[in-house]
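Peer 1: Residues in the sequence shown are numbered consecutively from 6, following the numbering used here.
Glycine residues also receive a C-beta, built at the ideal position from the N, C-alpha and C atoms.
In this text, all values refer to a predicted model and were calculated from it rather than measured experimentally.
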Amino acid sequence: MKNRRSFKRVIIHRFIGYTIGIALTLLVLEFLFSLYTLNNGMNLSELASSPLGEGTESLQITLSVFWNLITAGVYLIGIVLFGRGINKRIMEPIQKMEEGFKAVTAGHLDTILDFETETEFGDMRDAFNYMARKLKDSEEQRMTMENERMRLFSHIAHDLKTPMTTISGYAGALASGMVEEPDKQREYHLAIQAKSGQMNQLIDQLLSYSKLGTPKYRLNVAKVDLVELLRASCAALFGEIENKLMNLELRLPDHPVFHMADSLEIARAISNLLTNAIRHNPSGSLLYVGLKEESGCIEIHVADNGTTIPKTIAGSLFEPFVSGSDSRSTSSGTGLGLAIVKKVMEHHSGEVFVWDAPSPYTKMFVLCFPKVSKFQDTERLRDEDVS
């Protein structure tokens, strides 16, 4: 921060100068008034009109009055200049700041103060500008969240309406007795069950996404073996993998890889990636799950050789209600799986990417965890408590 002259010092100096100027001016005026009564009551107009030849004393008095008038004028000019200086150094910054506060209050958050000053008003100006920028950033974030919330509501209404319509139609047909064949009735019951499961999945994903987006949400952090977590996640979905005749290649280190993380949330992210690979690729596809330790991060890889991701949605793939197919209406997913993965990684100060995978695979999702976790201090404090 720049060194600025003290505002109090400026005021004191100006006040002293102003007081001295007034005092000298009063002395001059008193002296002039005294001259008014000199020379047997001769007033100033008579003194000024008297001939110079009437005497040396009269000349001296005349010159004295003349110079004292000049001195008084100089002091008056000094007082005026001092007043202008006070106005420029103090009153103008105050006025500018008052105008700035009124503008911000009226909603003009892009207001910036740019007046020049060498006093503490410069610090106040900088603090005001910082406050205005923060308010503007907060308002933009609020508008972004509001737009995202409205988009979520729109998509939720759409995704819930489709299965609800199907359930309502099948249930109505069964209740009215229109379907008499046992096989047809069973088909309708299975359809209702499937659509109900789809709705439950959407609601569960929505609750998870909303929870992760809450500012007060906190992870349950502990030391986690990522290798064991990957094995367990693959085992949980092995039945679905077999049902679609897929081949899984699991390439993991033969030693534990520990990291400070929330095991449930990391397992959810891995499960979402695997579920996407299983459900959105044809039967007989190849799947790959691996873990790789780099110099600055730990990477979890999930790859497949199935459907490629359209370039039109590649940039927004991890946004809510975006799926890897061109049309969400033909997709069986909720459109929240990858958005949840992104939220989980953000809470762990990590990142998620999608890359072109080496042959025979076509695409690879990468979860990247920083080796130096922001939760390291949490583990250290826990170890100290135990000891």
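Given lysine 216, which residues of its chain have a CB within under 7 Å of its CB, disregarding the five upstream and five downstream residues?
Peer 2: Tyr222, listed in sequence order.
Peer 1: Take isoleucine 305 as the anchor and find which of Tyr175, Leu255 and Leu140 has the nearest alpha-carbon.
Peer 2: The shortest CA-to-CA distance from isoleucine 305 to any of Tyr175, Leu255 and Leu140 is the one to Leu255.
Peer 1: Can you look up glutamate 247 in the DSSP assignment and give me helix, strand or coil?
Peer 2: helix
Peer 1: What does DSSP give as the partner residue(s) for asparagine 252 in the beta ladder?
Peer 2: Paired residue(s): Leu291.
Peer 1: Kindly indicate the opening and closing residues of the alpha helix (DSSP H) around phenylalanine 106.
Peer 2: 97–110
Peer 1: Identify the continuous alpha helix (DSSP H) that holds threonine 306 and give its terminal residues.
Peer 2: Before going further, note that residue 306 is histidine rather than threonine in the sequence given. Histidine 306 -> not in any alpha helix (DSSP H); beta strand (DSSP E) instead, spanning 302–309.
Peer 1: Let me confirm a value: methionine 183 is counted as buried when at least 16 other C-beta atoms fall within 10 Å, else exposed. Which label applies?
Peer 2: exposed
Peer 1: What do you get for serine 159, buried or exposed, if any count of 16 or more other CB atoms within 10 angstroms of its CB means buried?
Peer 2: exposed
Peer 1: Taking its Cβ as the centre, do 16 or more other Cβ atoms sit within 10 Å of isoleucine 208, making it buried, or is it exposed?
Peer 2: exposed
Peer 1: Between Leu341, Ile314, Gly295 and Ser364, which lies nearest to leucine 1 when the distance is taken from Cα to Cα?
Peer 2: Since the displayed the chain opens at 6 and closes at 392, residue 1 lies outside it and no answer follows.
Peer 1: From proline 325 to histidine 260, what does the alpha carbon distance come to, in whole angstroms?
Peer 2: 36 Å
Peer 1: Check whether the Cβ atoms of valine 346 and leucine 278 sit closer than 8 Å, and answer yes or no.
Peer 2: yes
Peer 1: For lysine 368, which residues does DSSP report across the bridge?
Peer 2: Asp309 and Asp361
Peer 1: Would you mind working out which of Glu298, Gly244, Thr280 and Ile246 sits nearest leucine 257, comparing C-alpha positions?
Peer 2: Looking at the Cα atoms, Glu298 is the closest of the given residues.
Peer 1: Note down the Cα distance separating glycine 112 from glutamate 144, rounded to an integer number of angstroms.
Peer 2: 10 Å
Peer 1: Smallest Cα separation from glutamine 203: which of Leu234, Ala180 and Thr170?
Peer 2: Looking at the Cα atoms, Thr170 is the closest of the given residues.
Peer 1: With respect to the alpha helix (DSSP H) encompassing asparagine 376, which residues constitute its N-terminal and C-terminal limits?
Peer 2: Before going further, note that residue 376 is lysine rather than asparagine in the sequence given. Looking at the DSSP string, lysine 376 is not in any alpha helix (DSSP H), and its letter there is neither H nor E.
Peer 1: Taking C-alpha atoms, which residue in Val232, Ala319, Ser290 and Asp142 lies nearest to isoleucine 303?
Peer 2: Val232
Peer 1: Hey, could you find the ends of the alpha helix (DSSP H) histidine 194 is sitting in?
Peer 2: 187–217
Peer 1: Phenylalanine 263 by DSSP, collapsed to three states: which one?
Peer 2: strand
Peer 1: Determine the extent of the beta strand (DSSP E) in which lysine 316 is found, giving its start and end residues.
Peer 2: Taken as a continuous stretch (DSSP letters only), lysine 316 belongs to no beta strand (DSSP E), being part of the alpha helix (DSSP H) at 316–319.
Peer 1: Please classify methionine 148 as buried or exposed, where buried requires at least 16 other C-beta atoms within 10 Å of its C-beta.
Peer 2: exposed
Peer 1: Quick check: the segment 131–139 against the segment 161–180, are at least 3 beta-carbon pairs closer than 8 Å?
Peer 2: no
Peer 1: Can you tell me which residues form a DSSP beta bridge with glutamate 324?
Peer 2: Per DSSP, none; premise fails for glutamate 324.
Peer 1: Along the chain, where does the beta strand (DSSP E) containing valine 226 start, and where does it finish?
Peer 2: From DSSP, valine 226 is part of no beta strand (DSSP E); its letter is neither H nor E.
Peer 1: Tell me whether phenylalanine 243 is buried or exposed, calling it buried when 16 or more other Cβ atoms sit within 10 Å of its Cβ.
Peer 2: It is exposed - the Cβ of phenylalanine 243 has fewer than 16 other Cβ atoms within 10 Å.
Peer 1: Tell me which residues share the same chain as tyrosine 214 and place their Cβ nearer than 7 Å to its Cβ, disregarding the 5 neighbours each side in the sequence.
Peer 2: Pro325, Leu341, Ala344, Ile345 and Lys348
Peer 1: Using C-beta distances below 8 Å, list every residue in its chain close to isoleucine 283, excluding the 5 sequence neighbours before and after it, in chain order.
Peer 2: Here the set comprises Leu242, Glu245, Ile246, Lys249, Met251 and Leu292.
Peer 1: List the whole-angstrom C-beta distance separating phenylalanine 374 from valine 307, where the pair is believed to meet the contact cut-off of C-beta under 8 Å.
Peer 2: Incorrect: roughly 14 Å between the Cβ atoms, too far for contact.
Peer 1: Can threonine 122 and proline 98 be called in contact, C-beta distance under 8 Å?
Peer 2: yes
Peer 1: Once the 5 residues before and after leucine 140 are set aside, which same chain residues still bring their CB inside 6 Å of it?
Peer 2: Leu114
Peer 1: Are the CB atoms of threonine 312 and histidine 352 within a distance shorter than 8 Å?
Peer 2: no
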